[in-house]
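The block underneath contains the structure these notes are about, expressed in structure tokens.
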Amino acid sequence: MHLEQPSAPQDSPQISLARLVEMLGPDWNEGPGPLYAKLGAALRSIVETGFLASGTRLPPERDLAKQLFISRSTVVSAYSVLRDEGVVASRQGSGTWVHNRRQGTFSDEAALSALVQSSYLSSFIDPSPAPIDLTVPMPVAALESIVGMMLPGELGRDLLREATPVGYQPLGLPSLRRQIARYLEARGLPTDEEDLLITSGAQQAISLLLNLFVRPNDAVIVENPTYRGLVDALTPSHARPVTLPIEDANLPGRLRELIDADAPRLIFITPTCHYPTGLTVPEHQRRSLVEVAARASVPIVEDTVNADLSLERPPPYLATYADGLTPVILVGSASKIVWGGLRVGWIRASSPLISRLARLKALSDMGTSLLSQIVVRELLGNLDAILTTQRNELRDSLELMEDTLNAHLPDWRWRRPHGGRSMWIRLPRGDARHFAQFALMSGVAVTAGDTLSVDGSFADHLRLPFVYPPEIIREACQRLSHAWMAYSESLIRGE
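With full-length UniProt numbering applied, the sequence shown has no gaps in its numbers, which climb one by one up to 495 at the end.
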């Protein structure tokens with residue numbers, strides 16, 4: 001039976017020859033086996049980790065062979081193996097392109113080769129039948145006694161069933177990963193347990209992704225303003241931040257301009273209940289954002305930490321639009337939806353990328369606190385009730401804060417947030433950092449807007465959280481009013 005070959009997508013992106021060779025790295029041809037098999041394995045790894053969007057055209061065989069100093073027949077054989085596996089497709093006159101890959105993202109194989117080959121870490125990340133391990137002590141009786149004292153009853157038995165005797169779980173507790181998979185699926189994003197890595201909060205998730213993707217002076221697109229933790233994480237990575245104005249009416253168009261100008265390695269975006277503005281990207285722009293990134297094969301990191309704090313039903317995740325397009329890596333956390341003291345977060349990505357991130361994570365902490373994971377697992381099972389209480393408090397507190405600000409500080413301006421726990425205030429005059437000193441003298445601590453910007457902009461803005469008991473909101477606004485009067489008078493005097 002004749003099977004019709006798939007057609008290359010129209011207007012599909014093409015990876016440059018130099019870029020593909022850079023991604024292959026200098027060591028792709030090391031190890032045993034024929035050269036074509038090693039080239040095929042290296043290309044397969046790049047595709048499986050998802051840096052190349054479905055439909056991306058690969059360089060012609062002759063050009064790639066010349067660049068790699070190998071024979072054209074070696075490249076032809078490598079492409080043929082990948083075609084037989086369904087990794088790529090080709091047609092006479094149309095070339096070869098990436099075909100039907102799973103969603104994923106790019107991993108720097110050269111940088112992680114030592115981790116990939118680590119049998120010690122792999123024993124925890126990719127467990128398989130093995131000899132009796134006498135390399136690590138396993139005090140099973142002591143563990144059972146300790147867990148029995150800390151967690152009597154079913155929770156303790158659950159922990160003993162899941163935890164390894166040494167307590168190392170770099171990927172996270174399987175039951176928590178299954179619970180998060182159900183949580184994401186209920187929000188329209190089908191997810192397998194293998195697609196999840198548990199982290200010690202969203203901050204660690206961000207740091208892991210920067211460590212994996214970014215080299216010094218690489219461009220990284222970040223929103224402006226943005227989460228302070230991201231600002232801090234960019235410094236040790238030596239990335240070159242490129243700012244995306246979150247309030248731009250044509251966000252996809254602006255993103256396209258930045259990609260064309262700066263060729264970023266990564267895009268960080270918080271499309272739902274953005275921090276600190278509380279704004280949400282409308283649904284009609286979301287697919288466009290993913291499509292813009294897909295054309296350039298730039299992975300998106302979608303921060304969903306505040307997504308469940310939406311005052312209305314939130315739009316779908318960006319990741320729901322990513323099938324067959326660019327990879328969208330989702331970062332979540334229990335700290336905002338449950339409690340800030342629970343430093344438990346997660347990354348959702350392709351399973352090959354999750355495996356590499358787990359190895360990288362294992363170098364720093366060998367796993368997130370198992371007790372915290374048990375607590376989060378139980379709380380996620382009751383999340384609907386928790387969120388109902390949270391949203392009622394958000395609505396009441398926001399309404400009171402807006403009414404009180406309008407009464408005491410009528411010349412301050414803001415856009416009503418769609419969710420989250422903060423308002424983004426624009427001062428009519430002066431400098432927010434200077435005003436913050438007056439506010440502190442009046443007994444109120446506030447955050448100046450320029451501290452939430454990678455380029456020091458928004459000097460005329462304040463972040464003002466609004467989730468407090470009513471009496472604190474009223475008292476704080478009165479004190480801010482007194483501070484504003486004193487600050488305004490100082491401006492008139494030229495101080």
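Glycine included, every Cβ here is placed at the ideal spot set by N, Cα and C.
Pick helix, strand or coil for residue i, following the three-state DSSP scheme.
i: SER122; result: Unreliable positioning characterises SER122 in this predicted model, as indicated by a pLDDT of 48, which lies under 50. A coordinate reading is not provided.
i: TRP484; result: helix
i: HIS461; result: strand
i: GLN169; result: coil
i: GLY95; result: strand
i: VAL47; result: helix
i: PHE268; result: strand
i: PRO470; result: helix
i: THR243; result: strand
i: ILE206; result: helix
i: LEU58; result: coil
i: THR191; result: coil
i: ASN306; result: coil
i: ASN211; result: helix
i: LEU330; result: strand
i: GLU30; result: coil
i: GLN5; result: Interpretation of GLN5 is limited by its pLDDT of 47, a score under 50 that renders its predicted location unreliable; the figure taken from the coordinates is listed afterwards. Coil at GLN5, not helix or strand.
i: LEU20; result: helix
i: THR345; result: Note that residue 345 is Gly in the sequence shown, not Thr. GLY345 falls in the strand class under three-state DSSP.
i: LEU197; result: strand
i: GLU475; result: helix
i: ALA88; result: For the record, residue 88 in the displayed sequence is Val; it is not Ala. VAL88: strand per DSSP, three-state reduction.
i: ARG313; result: coil
i: ALA219; result: strand
i: PHE69; result: coil
Is the beta carbon of residue i sitting closer than 9 Å to the one on residue j?
i: LEU208; j: ILE300; result: no
i: ILE221; j: LEU251; result: no
i: LEU176; j: GLN478; result: no
i: ALA334; j: LEU197; result: no
i: PRO470; j: LEU400; result: yes
i: LEU330; j: TYR317; result: yes
i: LEU35; j: ILE70; result: yes
i: residue 505; j: GLY345; result: Past the boundaries of the shown model lies residue 505; the chain is included only from 1 to 495, so the question cannot be answered.
i: VAL81; j: VAL47; result: no
i: ASP260; j: ALA219; result: no
i: GLY172; j: GLY367; result: yes
i: LEU398; j: ARG416; result: yes
i: TRP424; j: PRO315; result: no
i: GLY449; j: ALA432; result: yes
i: residue 532; j: LEU43; result: The first residue shown for the chain is 1 and the last is 495, placing residue 532 beyond what the model contains.
i: GLY279; j: ARG391; result: Contrary to the premise, residue 279 reads as Leu rather than Gly in this sequence. Their beta carbons are not under 9 Å apart, which means LEU279 does not touch ARG391 by this criterion.
i: ALA307; j: CYS273; result: yes
i: ARG57; j: GLN14; result: yes
i: ARG83; j: ARG72; result: no
i: ASP195; j: SER45; result: no
i: LEU379; j: LEU342; result: yes
i: GLY33; j: PRO60; result: no
What whole-angstrom Cβ distance do residue i and residue j have, given they're in contact under 8 Å?
i: VAL328; j: ALA319; result: 4 Å
i: ARG464; j: PHE458; result: The question names Arg, but residue 464 is Leu in the sequence shown. Not really, about 13 Å apart at Cβ, beyond 8 Å.
i: ALA53; j: VAL98; result: 7 Å
i: GLU193; j: PRO174; result: 6 Å
i: LYS361; j: THR199; result: 7 Å
i: ARG395; j: LEU311; result: 6 Å
i: LEU184; j: ILE206; result: Going by Cβ atoms, the distance from LEU184 to ILE206 rounds to 19 Å, so no, they are not a contact pair.
i: SER490; j: LEU409; result: That belief does not hold up - the Cβ atoms of SER490 and LEU409 are roughly 17 Å apart, past 8 Å.
i: ARG254; j: PRO245; result: 7 Å
i: LEU212; j: LEU357; result: 6 Å
Check whether the Cβ of residue i sits closer than 8 Å to any heavy atom of the ligand MG, and report yes or no.
i: VAL446; result: The ligand content of the structure shown is nil, which means the ligand MG is not present either.
If we cut at 9 Å on Cβ distances, does residue i have a partner in chain D?
i: TRP28; result: Absent from the structure is chain D; it holds one protein chain and no more.
Between the region 24–42 and the region 76–93, do at least 3 Cβ pairs fall closer than 8 Å? yes
Between the region 260–274 and the region 222–236, are three or more C-beta pairs nearer than 8 Å? yes
May I ask you to verify whether the region 287–302 touches the region 440–456, counting CB pairs closer than 8 Å and requiring at least 3? no
Any chance you could list the alpha helix (DSSP H) runs of at least 4 consecutive residues sitting entirely within the region 348–414, in chain order? 351–362, 370–380 and 383–408
Quick one: any contact between the region 365–385 and the region 400–420, if contact means 3 or more CB pairs under 8 Å? no
Take every Cβ of the region 424–431, pair it with every Cβ of the region 380–398, and state whether three or more of those distances are shorter than 8 Å. no
Segments assigned beta strand (DSSP E), at least 3 residues, entirely inside the region 412–447: 422–426
Go through the region 273–303 residue by residue and report every complete run of the alpha helix (DSSP H) that reaches 4 residues or more, in order. 283–295
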